[in-house]
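Chains as they are written, first to last, in the working numbering: chain A, 192 to 404; chain B, 3 to 115.
Only one structure is covered here, and it is reproduced in the block below.
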């Protein structure tokens, strides 16, 4: 006997993500899902961004971390609401864990929530968290071939940050190849070329994120 | 690694459907994965086997269909297959596209007795 099911396997995640998205929209809170490999600079990006915006916007952070709270501790100095989600080995966050984390925020008093997903370019791309947009962060030290290897993330990202551009002279990273690869996959996505440690391009990034709020 | 979570969600759907219909045994599961979701079938199958051990689905055959990436041009309406990760209309060159196939994580049906 054949039983027709015709169903998205991740329906449960998708439905919860939709609920989260509608709820955040009604509260006028913008949630950004930051996705990168380990070590691309997500936490440093958050540090720089919080330094710039902490007095201007009300910001909360959800830290996805496999087992530690190291990233969250780096952000404690900003005195903002932070929730850590330990995935206990899991390689991505999902909409149910985000929904639970959001319960501990006072959403009426927040403008912006950054979700630092678990460092990984494949798995987090498939799990909608209910974010307004995904932000792909990639660093020059990882090589210029990332868009072609992980097309889904770069196709769906609301913006792409290329971090550590100050390191280009010390690597074999080819900026033209990276740009061409990215443009083939997603011609219209904003690409911001930055260095979180040296400050290059950060003004453009701050302006871009401010325009989204 | 996302294979594990997707296998868990699949097994939940399968076991629920099997129990609703009082199946003694699930013999086959027909699923489609889009190319963009980058599932490795061997890892998926391995994870699924572990999860459904000792259940009615433990011997189910997994029939996995991989679906190519297909887009529709919003300007000229052409449907085309994406080759080499170039998301650009093959007729008019527009990059204003809608995805038709390639992101599926889909269960079509199951077979059982």
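Every residue, glycine too, gets a C-beta built ideally from N, C-alpha and C.
Report the rounded CA-to-CA distance for residue 390 of chain A versus residue 37 of chain B, giving the unit in angstroms.
One C-alpha to the other measures close to 38 Å.
Would residue 98 of chain B be called buried (16 or more neighbouring beta carbons within 10 Å of its own) or exposed?
It counts as exposed.
To the nearest whole angstrom, what separates the beta carbons of residue 74 of chain B and residue 100 of chain B, a pair I think is in contact under 8 Å?
The beta-carbon separation of residue 74 of chain B and residue 100 of chain B, rounded to 5 Å, stays under the 8 Å limit for a contact.
Rounding to the nearest angstrom, what Cα-Cα distance links residue 364 of chain A and residue 378 of chain A in this structure?
Using only the alpha carbons, I get a separation of about 20 Å.
Pair within 8 Å by beta-carbon distance, residue 50 of chain B and residue 107 of chain B
Between residue 50 of chain B and residue 107 of chain B, the gap from beta carbon to beta carbon reaches 8 Å or more.
Using the beta-carbon count (16 or more within 10 Å), is residue 348 of chain A buried or exposed?
Answer is buried; the Cβ neighbour count reaches 16.
Please compile the residues from chain B whose C-beta is within a distance smaller than 7 Å of the C-beta of residue 313 of chain A.
Here the neighbours are 4, 40.
Taking the CB atoms as reference points, tell me whether residue 305 of chain A and residue 252 of chain A lie closer together than 8 Å.
In this structure, residue 305 of chain A sits near residue 252 of chain A, with a CB-CB distance shorter than 8 Å.
Mind checking who residue 256 of chain A pairs with in its DSSP beta bridge?
A:277, per the DSSP bridge assignment.
Grab me the residues of residue 96 of chain B's own chain with a C-beta within less than 6 Å of its C-beta, minus the 5 sequence neighbours each way, in chain order.
Taken in chain order, the residues that qualify are 75, 77.
Pick from B:28, B:13, B:22: whose alpha carbon is nearest that of residue 52 of chain B?
Of the candidates B:28, B:13, B:22, the one whose C-alpha sits nearest the C-alpha of residue 52 of chain B is B:13.
Fully enclosed by the segment 297–323 of chain A, which beta strand (DSSP E) runs are 3 residues long or longer?
Taken in chain order, the complete beta strand (DSSP E) segments of 3 residues or longer contained in the segment 297–323 of chain A are 303–307.
Does the distance from the C-beta atom of residue 326 of chain A to that of residue 223 of chain A stay below 8 Å?
Less than 8 Å divides the Cβ of residue 326 of chain A from the Cβ of residue 223 of chain A.
Select from A:392, A:351, A:339, A:266 the residue whose C-alpha is nearest the C-alpha of residue 357 of chain A.
Ranking A:392, A:351, A:339, A:266 by CA distance to the CA of residue 357 of chain A puts A:392 first.
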